[in-house]
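Worksheet: one structure, shown below.
In this note's numbering, the protein residues as written are 6 to 309.
This is how it looks when you write it as structure tokens:
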């Protein structure tokens, strides 16, 4: 089994337009990384390379495939033409954050059950954009739809010839047609899984993607009177002024500024070029690129 991991990172910004402009919602930055890059980096670390389907390629260590038309069906069909000798495609939604072990679970489930492929099954009530999964004996997928406590988790390992079905069917219709004649396993996943439908969905994600260790870039300017507690990341060009207190997990992006006597508390991300004035207090929030927070402000559980 030769696997080509493919991250679907296209689409429209929708409700995320104020955060991403005309870019897809998968391009929102959290901790200095685009959302889709969390999946892409995990897959690249496992498989050595990863394909990313998007109309907006960037300078990154991925193989970008052009997205033509609209819908994930067209994105998959186009990306398939870029592949080499791979026999299977590991499709991953770019707007879903999941622990890397979930991808291994998909592959291991397909192999252990002797199935042709597998879909990630997450124990959730029906969620916008994610169909429910009905199973049949042997832990195999019966169909997408109906009544179930499991939903499609935005990741699927499928034989390459599955792509042909997308020329005349939607993604879920194609899965149903394929499951009727081929063995597609449902791979249960109870670990971290989080999708972004609305901007407020970013707030729980801040905990999942938070720094685990402290790293202060040699190119950062940190006052000797600043106080750090817990995991704190300060990137190159950032400045932390006198008597600022950072209680991690906290992320300070490239070129960001934290004013004097400011308190930055757990699960706060100050993205690239953002400015936080003196004597402010921020907790559990995302301060976006080049945003400005005035002096003596209080921000909590917010996306700015």
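Ideal Cβ positions, reconstructed from N, Cα and C, are used throughout, including at glycine.
Taking buried to mean at least 16 other C-beta atoms within 10 Å of its own C-beta, is residue i buried or exposed?
i           : result
residue 42  : buried
residue 90  : exposed
residue 154 : exposed
residue 22  : exposed
residue 93  : buried
residue 232 : exposed
residue 269 : buried
residue 181 : buried
residue 25  : buried
residue 159 : buried
residue 306 : exposed
residue 241 : exposed
With which residues is residue i paired in a DSSP beta bridge?
i           : result
residue 39  : 34
residue 213 : Note: residue 213 sits in no beta bridge, so no partner.
residue 71  : 59
residue 226 : 244
residue 65  : Answer is none; residue 65 lacks a bridge partner.
residue 168 : Paired residue(s): none; residue 168 is not in a bridge.
residue 199 : 102
residue 286 : 268 and 303
residue 122 : 189
residue 218 : DSSP, once it has assigned bridges, lists no residue as partnering residue 218.
residue 177 : The partner list for residue 177 (beta bridge, DSSP) is empty, contrary to what the question assumes.
What residues in its chain sit with their C-beta under 8 Å from that of residue i, if we drop five residues either side in the sequence?
i           : result
residue 196 : 103, 104, 106 and 107
residue 88  : 9, 56, 94 and 165
residue 168 : 81, 82, 85 and 94
With residue i as the anchor, note down where its beta strand (DSSP E) starts and where it stops.
i           : result
residue 102 : 101-103
residue 28  : From DSSP, residue 28 is part of no beta strand (DSSP E); its letter is neither H nor E.
residue 139 : 138-141
residue 148 : 145-149
residue 88  : Premise fails: residue 88 is in no beta strand (DSSP E) and is neither H nor E.
residue 13  : 8-13
residue 234 : 232-234
Only counting the same chain, and skipping five residues up and downstream in sequence, which positions put a Cβ closer than 6 Å to that of residue i?
i           : result
residue 188 : 120, 121 and 145
residue 62  : 69
residue 317 : The chain is shown from 6 up to 309; residue 317 falls before or after that span and cannot be answered.
residue 202 : 133
residue 135 : 156 and 157
residue 48  : 10 and 55
Go to residue i, then tell me how far its alpha helix (DSSP H) extends in each direction, as first and last residue.
i           : result
residue 307 : Counting along the chain, residue 307 falls outside any alpha helix (DSSP H), and DSSP gives it neither H nor E.
residue 82  : 77-85
So, for residue i: in the same chain, excluding its five sequence neighbours on each side, which residues have a beta-carbon less than 7 Å away from its beta-carbon?
i           : result
residue 174 : 182
residue 171 : 78, 81, 82 and 179
> Would you say the region 105-113 touches the region 48-57, given that touching needs at least three Cβ pairs under 8 Å?
Replying inline: Three or more Cβ pairs drawn from the region 105-113 and the region 48-57 lie within less than 8 Å of each other, which places the two stretches in contact.
>> Is it the case that the region 126-133 contacts the region 64-77, given that we only count it when at least three CB pairs across the two stretches are under 8 Å?
In response: Touching, no, given that fewer than three Cβ pairs across the two stretches are closer than 8 Å.
>> Could you check whether the region 292-309 touches the region 275-282, counting it as contact only if at least three pairs of C-beta atoms, one from each stretch, sit closer than 8 Å?
In response: Yes: the two stretches touch, three or more of their Cβ pairs being nearer than 8 Å.
>> Can you confirm whether the region 284-297 touches the region 261-269 when touching is taken to mean that 3 or more C-beta pairs between the two stretches lie within less than 8 Å?
In response: Yes, since at least three Cβ pairs between the region 261-269 and the region 284-297 fall closer than 8 Å, the two stretches touch.
> Looking at C-beta atoms only, is the number of pairs between the region 73-89 and the region 29-40 that lie closer than 8 Å three or more?
Replying inline: No, because fewer than three Cβ pairs between the region 73-89 and the region 29-40 fall closer than 8 Å, the two stretches do not touch.
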